Structures are given as structure tokens and as C-alpha cells.
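Just below is one structure, and these are the notes that go with it.
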Amino acid sequence: MMPIKAVIFDMDGVLLNSMPMHLEIWKNLFEKYGIDFSLEIFEKYNGTSSYGIAKNLVEKFNLEISVEELVNEKHEKEKEMQDEMLDLFPDTLKIIEVLKSKDLKVGVATSAMEDMTTYVKERFGLDKQVDNFIEAKDVSRTKPDPEIFLKCAEKLGVEPSNCVVVEDAINGILAAQKGGMISVGITNTFPKEAFIDADFVIDDLNELYDVLDKVEILCVE
8 MMPIKAVIFD MDGVLLNSMP MHLEIWKNLF EKYGIDFSLE IFEKYNGTSS YGIAKNLVEK
68 FNLEISVEEL VNEKHEKEKE MQDEMLDLFP DTLKIIEVLK SKDLKVGVAT SAMEDMTTYV
128 KERFGLDKQV DNFIEAKDVS RTKPDPEIFL KCAEKLGVEP SNCVVVEDAI NGILAAQKGG
188 MISVGITNTF PKEAFIDADF VIDDLNELYD VLDKVEILCV E
């Protein structure tokens, strides 16, 4: 393993406690359009953009609605619920501050669409706390393609092999690994058993310090 120079976080379900809201919205939309909903199905799609999920649903289930209409419907529901249901996970800003104090670069690479990222930036100032913030509009391919993580690493000025990625979604873990980065799954959304392909699994962001210590020890060895 190479020494760690940067930590790249997914946003939804990692830094931002947003998955209960997204789960509720998608569950309601699935039911509205006659699609059976389960956590296993959501796990399959989670990590890609809202547009990517909507495109898959419209094509797979032959929905009589356009992808754009389904995306807009989801975003309207988000606007109704976000003030009440969204917040950063405890210690998020403190953890970012500690990582930066250790001379690590910190980035965010999120599949969230622009209206959601704009809301998060304005409400929480998350983009001002990190060194780089990459979102869906900045890339042409969604996770599990590694483009978003590779672009974030490039903007941070760090080689992919020197990056740790923290993700709550299987597609995000796959993207990190395809990009040659160390992957850390966090069990905020899915259980530990879902992350069999991750290099490390944590239950809380504060456990990330132990992971970084282990990686440093492995680098020395």
C-alpha cells in the first residue's frame, strides 16, 4: 500500500444524513409507478445519480413517464422534505478539520444533482470545509465508473493510489477500487455484510482514524 495523502468522501449517507429521505422518496415513487420496492433493489441502484436511477427504472419497467419527468418529481419531493430531514452526521466538520490538520487533502465526490449540492453548500458550507468538491455535473459517467474519484484526486493533486475513499454504497466501493484507491465502507445505509469487497468497513466516521493508522502501518511494513 502507498502512503495516504488524501481522503475522499461520498456525501449522501457518509457526511450528510440524507438516506432516510432518499429511501422514503424512492419507495413512494416505486409504489406510485407499480414497482415492488426492497432494500436490495435500492442497494443495487444506490450510488449512481438520480438521473441514472430514473433512467434505469424508466427503461427496465417501461414506465409511461420520461426520465426527466421522474427526476423532476424526485427533486420536488426533496425540496419539500430537506429542511426537516437533512443534517450532517455528528462530528463531520470536526473530522474534516482533524484530517486537514494532519496535512491530508480532503475531497467530496458526490453523485448528487446540482440542486441538492447547492442546497447543502448554502446550508452547511461543506464545500468551504474541503479542498475540492466534485459533483454529478462535473463528470460524464456515474459510479461504479471511477471517473468522479479520479477527477477529485486529480484536482487534489494526489495520485489515486494515495487516496482513501469513504462510501456508503456498493457502487461507490466498486468505483474506488476500479480507480486504484483504498475503499472504506461505512454502514450508515447498508449492513456490514454488504461491503464484502471493501478494504475496510466502519460503523462510524470516528473509526476512520483507526483505518488510517492501519494503512500507515501497512505502508511501513
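Every number in my numbering is 7 more than the matching position in the sequence shown, counting from 1. For glycine and all other residues, C-beta sits at the position ideal for the given N, C-alpha and C. Predicted, not measured: the structure shown is a model, and the values here were computed from it.
Closest option to ASP211, judged by alpha-carbon separation, among ALA201, ILE203 and THR196: THR196. A distance below 8 Å between beta-carbons, with the five flanking residues on each side excluded, links HIS82 to the following residues of its chain, in chain order: SER57, MET120, ASP122 and MET123.
By the C-beta density criterion, PHE68 is exposed, having fewer than 16 other C-beta atoms within 10 angstroms. Considering only GLN89, GLU75, GLU154 and SER108, the residue with the shortest C-alpha distance to THR125 is GLN89.
Separation of the CB atoms of LEU36 and GLU75 is rounded to 14 Å, and the pair is thereby denied contact status at 8 Å. DSSP, read as helix, strand or coil, puts GLY59 in helix. Under the three-state reduction of DSSP output, LYS109 falls in the coil class, being neither helix nor strand.
Taking the C-beta atoms as reference points, MET28 is found no nearer than 8 Å to LEU111. With at least 16 other beta carbons inside 10 angstroms of its own, GLU85 counts as buried. Between the segment 100 to 118 and the segment 141 to 153 there are three or more C-beta pairs closer than 8 Å, enough to call the two in contact.
Boundaries of the alpha helix (DSSP H) harbouring ASN79: 74 to 92, taken from the DSSP string. PHE140 is bridged by DSSP to VAL115. In the structure shown, ILE193 adopts extended strand secondary structure according to DSSP, grouped into three states. In the DSSP assignment, VAL14 forms a beta bridge with VAL113 and VAL171.
For a cut-off of 8 Å, the C-beta gap from GLN136 to ILE103 is around 5 Å, short enough to register as a contact.
In the displayed model, VAL208 falls within a strand according to three-state DSSP. Around the beta carbon of GLY59, 16 or more other beta carbons lie within 10 angstroms, which makes this residue buried. The continuous alpha helix (DSSP H) containing LYS162 extends over residues 154 to 163.
At a Cβ-Cβ threshold of 8 Å, LEU95 and LEU163 do not count as neighbours.
Contact check for LYS150 and GLY54: beta-carbon distance about 5 Å, within the 8 Å limit, so the pair qualifies.
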